Amino acid sequence: MEWTREKRYLPYNKWDAETLLNLQAEAANSAYQMHYHLHPISGLVNDPNGFSYFNGEYHLFYQSYPFGAVHGLKSWVHFKSQDLVHWINLGLAVKPDSIADSHGTYSGSAREIDGKLFLMYTGNHRDENWIRTPYQIGAWMDKDGKVSDKTILFKNPDHITEHFRDPQILKQNDTYYAILGAQDKAEKHGHIDVWKSQDLKNWEELGFLNLSEHDLGYMIECPNIVRIGDKVVVIFCPQGLDKDVADYDDIYPNMYVIADDIDFENHKLINPGQLHNLDEGFDVYATQAFNAPDGAAYEVSWVGLPDTAYPTDNENWANCLSQVKKLSIRDGKLIQEPVETIKSLRRNAEKINSKVIKENTTGQYELKLNIGANQNGCLHLAANNDLSQSLQIKFDTKDGKLTLDRAQAGKQVAVDYGTTRSTSFTPHEDLKLNIFVDHSLVEIFVNDGEHVLTGRFFTNPVNQRIEFDQDIDYQGKFYNMETIL
Ligand code: FRU
Numbered sequence: 001m002e003w004t005r006e007k008r009y010l011p012y013n014k015w016d017a018e019t020l021l022n023l024q025a026e027a028a029n030s031a032y033q034m035h036y037h038l039h040p041i042s043g044l045v046n047d048p049n050g051f052s053y054f055n056g057e058y059h060l061f062y063q064s065y066p067f068g069a070v071h072g073l074k075s076w077v078h079f080k081s082q083d084l085v086h087w088i089n090l091g092l093a094v095k096p097d098s099i100a101d102s103h104g105t106y107s108g109s110a111r112e113i114d115g116k117l118f119l120m121y122t123g124n125h126r127d128e129n130w131i132r133t134p135y136q137i138g139a140w141m142d143k144d145g146k147v148s149d150k151t152i153l154f155k156n157p158d159h160i161t162e163h164f165r166d167p168q169i170l171k172q173n174d175t176y177y178a179i180l181g182a183q184d185k186a187e188k189h190g191h192i193d194v195w196k197s198q199d200l201k202n203w204e205e206l207g208f209l210n211l212s213e214h215d216l217g218y219m220i221e222c223p224n225i226v227r228i229g230d231k232v233v234v235i236f237c238p239q240g241l242d243k244d245v246a247d248y249d250d251i252y253p254n255m256y257v258i259a260d261d262i263d264f265e266n267h268k269l270i271n272p273g274q275l276h277n278l279d280e281g282f283d284v285y286a287t288q289a290f291n292a293p294d295g296a297a298y299e300v301s302w303v304g305l306p307d308t309a310y311p312t313d314n315e316n317w318a319n320c321l322s323q324v325k326k327l328s329i330r331d332g333k334l335i336q337e338p339v340e341t342i343k344s345l346r347r348n349a350e351k352i353n354s355k356v357i358k359e360n361t362t363g364q365y366e367l368k369l370n371i372g373a374n375q376n377g378c379l380h381l382a383a384n385n386d387l388s389q390s391l392q393i394k395f396d397t398k399d400g401k402l403t404l405d406r407a408q409a410g411k412q413v414a415v416d417y418g419t420t421r422s423t424s425f426t427p428h429e430d431l432k433l434n435i436f437v438d439h440s441l442v443e444i445f446v447n448d449g450e451h452v453l454t455g456r457f458f459t460n461p462v463n464q465r466i467e468f469d470q471d472i473d474y475q476g477k478f479y480n481m482e483t484i485l
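One point on numbering: in my numbering, the residue at position 5 of the sequence shown is 5, and numbering is uninterrupted.
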């Protein structure tokens, strides 16, 4: 079947129930489907949206195209949770049902205001000549999950191209601010644009944020600001970033900058640091972070990349979200850790310390390892019996280096961007790894969240062995993880 433009943008009510039910069955029955991470009910999932705390619960939405593994007419699907781990699916929430969002309810954020959840997102509109206007839309969700009162707040000002989207709504003192990804018309460079409003109706542009002294490529998507302790962290996705500014391997990186503070009125970060990769693995993009009412900073990412084919495309579904991570700052570095409540998914704890860890797993587990200093070796996950096929985690605790290698991990993804990702840590010390596997997703936390490497992998699902390549001095625990969805 060919994905023509007409087909991608076909209104949802023109699709028949049987098609959708078949797509749901394909997504549900796939051996590569995740079971304790948010994933597509059908079709394609991309950015997390509207991550917030409202009415005593956490809320999270994702960008969804329900009718196939392509970027078509997008909507928001809604989930809520008490603990950031067990999510309840509340279904389709923000639909492309107005002129302003006729070609997709694109990414945005949410914030509890006066007993309702205020949603701020980009309405993707195209006219009959396929000319795009990015409308920034406000809408209100009540406690029953009903979205109403969609209003156009502003569109791209004259000096910004059609690439103007993904507003994050923020509040400081009594003023609302929004930050958006933007491309200027004059130079076609990427920026974060800062806006302000007192009443959420009248909005005024303040200007571009001084993120870096360098040019940051041709577009920035999905900007987010969180406060962590006395610092401000800006998380964003620059496209076309020069690798001399910050090194990265994926087609587009997800980066962050730590600053001492932000002066919204003058759209200025105070002492912004260098750009860093948020995740040192593969496939992390469009991370959304927010400060909960208790001040805690949480993030969740799309595990998938734009303009990238994945092996499940031919099963008509694609991608997933990461687990929610808690953010902190330790020794000036951003720390990303699993939330405490993820432990509630653990079943059957087992102590491990031998070369063969498991001959067979369900593909859904957590592995905690403490690997002694001054050794090197390779941990094979999702391996066949002779270890010739596996997802490899190579470590060297003498030099302080870890490499995630998916070259022998079955069906390949984005090989043009390399099949390995590496990180480094203090040499001659024990290495702590906390590894989460959910069928075709791996998340590796290094030394209590100093580094995170996330990636999808598509080994033959019957290969479920976990084994080191040699005898290694280590202590560890293995837990099966419960299914949540
Ligand atoms: C990032 C992104 C956003 C946009 C959304 C559309 O992945 O391109 O900039 O709002 O996806 O689905």
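Even for Gly, the Cβ is constructed at its ideal location relative to N, Cα and C. If you're wondering where the values come from, they're calculated on a predicted model, not measured in any experiment.
Handout entry: Segment limits, alpha helix (DSSP H) that includes Asn22
Key = Numbered from 1 along the sequence shown, position 22 holds the residue referred to as residue 22. Unbroken alpha helix (DSSP H) run through Asn22: Ala17 to Asn29.
Problem - CB contact flag (Gly363, Val437, <8 angstroms) - result: What you label residue 363 is simply residue 363 of the sequence shown in a count that begins at 1. What you label residue 437 is simply residue 437 of the sequence shown in a count that begins at 1. Yes, the Cβ-Cβ distance between Gly363 and Val437 is below 8 angstroms.
Problem - With 16 other Cβ atoms within 10 Å as the buried cut-off, status of Leu21 - result: Taking the first residue of the sequence shown as 1, we reach residue 21 at position 21. Result: exposed.
Practice task
May I ask which residues mark the beginning and end of the beta strand (DSSP E) holding Lys231?
Solution key: Along the sequence shown, one-based indexing puts residue 231 at 231. Segment Lys231 to Gln239, the beta strand (DSSP E) holding Lys231.
Problem - Of the listed residues Trp317, Gln464, Arg346 and Glu112, nearest to Gln389 (C-alpha basis) - result: Indexing the sequence shown from 1 puts residue 389 at position 389. Nearest option by C-alpha distance: Gln464.
Exercise for the section: Using only alpha-carbon positions, find the residue among Thr459, Pro48, Pro427 and Phe154 that is nearest to Asn376. Expected result: Mapped onto the sequence shown, residue 376 falls at position 376. The shortest C-alpha separation from Asn376 is found at Pro427.
Handout entry: Proximity to Met120 [Cα-Cα], best of Phe154, Gly229 and Trp130
Key = Here residue 120 refers to the residue found at position 120 of the sequence shown. Nearest option by C-alpha distance: Phe154.
Problem - DSSP three-state assignment for Leu345, whether helix, strand or coil - result: Here residue 345 refers to the residue found at position 345 when the sequence shown is read from its first residue. Leu345 falls in the helix class under three-state DSSP.
Problem - C-beta contact flag for Lys150 and Ser98 at 8 angstroms - result: Stepping through the sequence shown from its first residue, residue 150 is reached at position 150. Stepping through the sequence shown from its first residue, residue 98 is reached at position 98. Their beta carbons are under 8 angstroms apart, which means Lys150 touches Ser98 by this criterion.
Exercise for the section: Could you please give me the residues that DSSP links to Gln33 through a beta bridge? Expected result: In the sequence shown, residue 33 corresponds to position 33, counting from 1. Answer is none; Gln33 lacks a bridge partner.
Handout entry: Member of Glu337, Leu278, Tyr365 and Gly372 whose CA lies at the smallest distance from the CA of Gln475
Key = Translated into the one-based positions of the sequence shown, residue 475 becomes position 475. Among Glu337, Leu278, Tyr365 and Gly372, the Cα nearest to that of Gln475 is on Gly372.
Practice task
Can you give me the Cβ contacts of Asn360 inside the same chain, cut-off strictly under 6 angstroms, excluding the 5 residues immediately before and after it?
Solution key: Sequence index remark: in the sequence shown, residue 360 carries index 360 (1-based). Gln464, listed in sequence order.
Handout entry: Distance between Lys14 and Gln172 (C-alpha atoms, nearest Å)
Key = Position 172 of the sequence shown, counted from the first residue, corresponds to residue 172. Position 14 of the sequence shown, counted from the first residue, corresponds to residue 14. In a straight line, the C-alpha of Gln172 is about 44 angstroms away from that of Lys14.
Practice task
Classify Val303 as buried or exposed, calling it buried when 16 or more other Cβ atoms lie within 10 Å of its own Cβ.
Solution key: As a working note, residue 303 is residue 303 in the sequence shown. When all chains shown are included, Val303 counts as buried.
Practice task
Using only alpha-carbon positions, find the residue among Ser424, Asn384 and Asp283 that is nearest to Glu443.
Solution key: For this step, residue 443 is matched to residue 443 along the sequence shown. Closest option to Glu443, Cα to Cα, is Asp283.
Exercise for the section: Tell me whether Glu221 counts as near the ligand FRU, meaning its Cβ is closer than 7 angstroms to at least one heavy atom of that ligand. Expected result: In the sequence shown, counting from the first residue as 1, residue 221 sits at position 221. True, at least one ligand heavy atom lies under 7 angstroms from that Cβ.
Handout entry: Spatial neighbours of Tyr9 in its chain, beta-carbon cut-off 7 angstroms, leaving aside the 5 residues before and after
Key = Position 9 of the sequence shown, counted from the first residue, corresponds to residue 9. Excluding sequence neighbours, Tyr9 sits near Gly72, Leu73 and His103.
Handout entry: His78 vs Gly123 beta-carbon contact at 8 angstroms
Key = Looking up residue 78 in the sequence shown gives position 78. Looking up residue 123 in the sequence shown gives position 123. No.
Handout entry: Near the ligand FRU: Gly145 beta-carbon under 7 angstroms from a heavy atom
Key = Numbered from 1 along the sequence shown, position 145 holds the residue referred to as residue 145. The answer is no for Gly145.
Handout entry: At least 3 beta-carbon pairs within less than 8 angstroms: the segment 261-272 vs the segment 398-407
Key = no
Practice task
Report whether the distance from the Cβ of Gln494 to the nearest heavy atom of the ligand FRU is below 7 angstroms.
Solution key: Nothing about residue 494 can be read from this structure; the chain reaches only from 1 to 485.
Exercise for the section: State the Cα-Cα distance for the pair Pro338 and Val324, rounded to the nearest angstrom. Expected result: Translated into positions along the sequence shown, residue 338 becomes position 338. Translated into positions along the sequence shown, residue 324 becomes position 324. Distance between the alpha carbons of Pro338 and Val324: 7 angstroms.
Problem - Best match in Lys231, Gly273 and Ser64 for proximity to Asn49 [C-alpha to C-alpha] - result: By one-based count along the sequence shown, residue 49 stands at place 49. Comparing Cα positions, the closest option is Ser64.
Exercise for the section: Measure the alpha-carbon distance for Ser109 versus Trp87 and round it to whole angstroms. Expected result: To locate residue 109, count along the sequence shown from 1; it is residue 109. To locate residue 87, count along the sequence shown from 1; it is residue 87. One C-alpha to the other measures close to 18 angstroms.
Exercise for the section: Put Val45 into one of helix, strand or coil per three-state DSSP. Expected result: On the sequence shown, residue 45 is found 45 positions in, with the first residue counted as 1. In the structure shown, Val45 sits in a strand (DSSP, three-state: E or B).
Exercise for the section: Report yes or no: do three or more beta-carbon pairs, one from the segment 295-312 and one from the segment 200-209, lie closer than 8 angstroms? Expected result: no
Problem - Identity of the residues DSSP links to Gly476 by a beta bridge - result: Locating residue 476 in the sequence shown gives position 476, counting from the first residue. Looking at the DSSP assignment, Gly476 forms a beta bridge with Ile352 and Leu369.
Practice task
Please list, in chain order, all residues of the same chain as Thr483 whose beta carbon is under 8 angstroms from its beta carbon, the five residues on each side excluded.
Solution key: Taking the sequence shown and counting its residues from 1, one reaches residue 483 at position 483. Only His35, Tyr36 and Gln364 meet the Cβ criterion.
Problem - Beta carbon of Leu170 nearer than 8 angstroms to that of Val233 - result: For the purposes of this step, residue 170 is identified with residue 170 of the sequence shown, where counting begins at 1. For the purposes of this step, residue 233 is identified with residue 233 of the sequence shown, where counting begins at 1. Cβ atoms of Leu170 and Val233: not closer than 8 angstroms.
Practice task
Indicate the three-state DSSP secondary structure (helix, strand or coil) for Pro533 in the structure shown.
Solution key: The question about residue 533 has no answer, for the chain in this structure spans 1 to 485.
Handout entry: Backbone CA spacing between Ile435 and Ala383 [nearest angstrom]
Key = In the sequence shown, counting from the first residue as 1, residue 435 sits at position 435. In the sequence shown, counting from the first residue as 1, residue 383 sits at position 383. Rounded to the nearest angstrom, the two C-alpha atoms are 15 angstroms apart.
Exercise for the section: Provide the residue span of the alpha helix (DSSP H) that contains Lys7, from first to last. Expected result: Locating residue 7 in the sequence shown gives position 7, counting from the first residue. First-last of the alpha helix (DSSP H) with Lys7: Arg5 to Arg8.
Exercise for the section: Reducing DSSP to helix, strand and coil, say where Pro306 ends up. Expected result: To locate residue 306, count along the sequence shown from 1; it is residue 306. DSSP places Pro306 in coil when its eight states are reduced to three.
Exercise for the section: Evaluate the contact criterion for the segment 219-238 versus the segment 284-293: three or more CB pairs, one atom per stretch, below 8 angstroms. Expected result: yes
Handout entry: Under the three-state DSSP convention, the category Asn291 falls into
Key = The residue you call residue 291 lines up with position 291 of the sequence shown. Looking at Asn291 - three-state DSSP - the assignment turns out to be strand.
Problem - Three-state secondary structure assigned by DSSP to Pro311 - result: Translated into positions along the sequence shown, residue 311 becomes position 311. Three-state DSSP puts Pro311 in a helix.
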